[in-house]
Amino acid sequence: MVEVGLGLLVGLVLALTGAGGGILTVPLLIFVVGLELHQAAPIGLMAVGLAAWVGAVIGSRDGIVRYKAAALMACCGVLLAPVGVWLAARVEHDVLAVVFALVMFWVAFRAFRRPPNDDSNPRAVPCRLNPQTGRFHWTSRCAATVAASGTLAGFLSGLLGVGGGFVLVPALSRFSDLPMRSIAATSLAVIGLVSVSGVLSAALTGGIQWAVALPFSAGAVLGMFAGRTVSSRLDGRVLQRGFGLVAAVAASALLLQVAF
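Structure (structure tokens):
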């Protein structure tokens, strides 16, 4: 089925980058499956959420998920995800499409930039790891930064049907000294937790087309498994830039659809 193949692609991108898979779900469902944006958003959130749960469990097994940071971001995000779902149902399709396209252009721009936590550019960051325990040294500034990132990711996950990883990964890269593998795994844990709220809200209001959602989500889970087996062998910067190019093309196509 087409939906399974599309989900496979989304899960693969999510596994390789720790973000990005969710930002592709809505354009794929709109242009290939033929859904409207408000129909595609909850399906994308469901698929990305399930795939993220798989990635988070694998990351937990490897000991690279920062649980307290993930829990704080998820708690803040869960509160705002239903607000995003509610707002998405009341905003005109073209307006929401333009917002989505602008977000994708921002993601593409970020993907082509040098990673903020590059070792060649050391600087003070709010959240630093304790070298003895390998966990964050929590301060009020660190907690506020983590909470703000989770809040924004949760709202956008409900509004646009994305997992929020495109917010979480850049935020954790910029405001912490976590290695990229840990950033990706922690981001997946947050996405999995936050998605529960948004998906339940959409399901209770009858906003999910299950005939599309189930095969699409199954493909995303399979893609996550496949991506995790090869992610350690590929260059992360090349993957991020490749995704940035795809996001820019998808955003351009979405704006053209609105214009014409």
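Numbering (this note's numbering), first residue to last: 2 to 261.
Just so it is clear, CB atoms sit at the ideal spot from N, CA and C, and this is done for glycine as well.
Original post:
Considering only the beta carbon of each residue, do residue 6 and residue 220 sit closer than 8 Å?
Top reply: The residue labelled residue 6 in the question sits at position 5 within the sequence shown. The residue labelled residue 220 in the question sits at position 219 within the sequence shown. Inclusion of residue 6 and residue 220 in the CB contact set at 8 Å is warranted, their separation being smaller than that value.
**OP:** Let me know the beta strand (DSSP E) ranges lying completely inside the segment 77-117, each 3 residues or longer, listed in chain order.
**Re:** Runs of the beta strand (DSSP E) lying entirely within the segment 77-117, each at least 3 residues long, are absent.
**OP:** Just the C-alpha distance for residue 188 and residue 148, rounded to the nearest angstrom, thanks.
**Re:** On the sequence shown, residue 188 is found 187 positions in, with the first residue counted as 1. On the sequence shown, residue 148 is found 147 positions in, with the first residue counted as 1. Rounded to whole angstroms, residue 188 to residue 148 spans 13 Å at the Cα level.
Subject >> Beta-carbon spacing of residue 202, residue 83 below 8 Å >> reply: Translated into the one-based positions of the sequence shown, residue 202 becomes position 201. Translated into the one-based positions of the sequence shown, residue 83 becomes position 82. With a cutoff of 8 Å on beta-carbon distance, residue 202 and residue 83 are scored as near each other.
Original post:
So, residue 160 versus residue 89, is the Cβ gap smaller than 8 Å?
Top reply: The residue labelled residue 160 in the question sits at position 159 within the sequence shown. The residue labelled residue 89 in the question sits at position 88 within the sequence shown. Their beta carbons are under 8 Å apart, which means residue 160 touches residue 89 by this criterion.
Original post:
Taking Cβ to Cβ, would you say residue 228 is nearer than 8 Å to residue 17?
Top reply: Numbered from 1 along the sequence shown, position 227 holds the residue referred to as residue 228. Numbered from 1 along the sequence shown, position 16 holds the residue referred to as residue 17. Remark: C-beta atoms of residue 228 and residue 17 approach each other more closely than 8 Å.
Original post:
For residue 33, which residues from the same chain have a beta carbon less than 8 Å from its beta carbon, with the 5 sequence-adjacent residues on both sides left out?
Top reply: Your numbering for residue 33 matches position 32 in the sequence shown. The residues 3 and 7, in chain order, have a CB closer than 8 Å to that of residue 33 in the same chain once the five nearest residues on each side in sequence are set aside.
Subject >> Through-space distance from residue 231 to residue 79, alpha-carbon basis >> reply: What you label residue 79 is simply residue 78 of the sequence shown in a count that begins at 1. What you label residue 231 is simply residue 230 of the sequence shown in a count that begins at 1. Looking at the two C-alpha atoms, the distance is approximately 31 Å.
Original post:
Are three or more beta carbon pairs between the segment 202-217 and the segment 33-49 nearer than 8 Å?
Top reply: Short answer: they touch.
**OP:** Confirm, please, whether the CB-CB distance from residue 166 to residue 195 is below 8 Å.
**Re:** Taking the first residue of the sequence shown as position 1, residue 195 is located at position 194. Taking the first residue of the sequence shown as position 1, residue 166 is located at position 165. Between residue 195 and residue 166, the C-beta spacing is not below 8 Å.
Subject >> Beta-carbon proximity check, residue 142 vs residue 132, cutoff 8 Å >> reply: The count along the sequence shown starts at 1 and reaches residue 142 at position 141. The count along the sequence shown starts at 1 and reaches residue 132 at position 131. The answer is no: Cβ separation not under 8 Å.
Original post:
Which whole-angstrom value is the C-beta distance of residue 24 and residue 105, which I expect to be below 8 Å?
Top reply: Stepping through the sequence shown from its first residue, residue 24 is reached at position 23. Stepping through the sequence shown from its first residue, residue 105 is reached at position 104. About 6 Å separates the two Cβ atoms, so the contact holds.
Subject >> Residue span of the alpha helix (DSSP H) that contains residue 43, given as start and end >> reply: Indexing the sequence shown from 1 puts residue 43 at position 42. According to the DSSP assignment, residue 43 belongs to the alpha helix (DSSP H) that extends over 38-62.
Original post:
Shortest alpha-carbon distance to residue 136 belongs to which of 174, 183 and 96?
Top reply: As a first step, residue 136 is located in the sequence shown; it is residue number 135 there, counting from the start. Cα-wise, what sits closest to residue 136 is 183.
**OP:** Look at residue 28 and residue 208 and say whether their C-beta atoms are less than 8 Å apart.
**Re:** Here residue 28 corresponds to residue number 27 of the sequence shown, with the count starting at 1. Here residue 208 corresponds to residue number 207 of the sequence shown, with the count starting at 1. Not in contact: residue 28 and residue 208 (Cβ atoms no closer than 8 Å).
**OP:** Alpha carbon to alpha carbon, how far is residue 193 from residue 172? Give it in angstroms, no decimals.
**Re:** If you number the sequence shown from 1, residue 172 lands on position 171. If you number the sequence shown from 1, residue 193 lands on position 192. Cα atoms of residue 172 and residue 193: separation of roughly 17 Å, rounded to the nearest angstrom.
**OP:** With DSSP collapsed to three states, give me the class of residue 130.
**Re:** Here residue 130 corresponds to residue number 129 of the sequence shown, with the count starting at 1. Here residue 130 sits in strand by DSSP.
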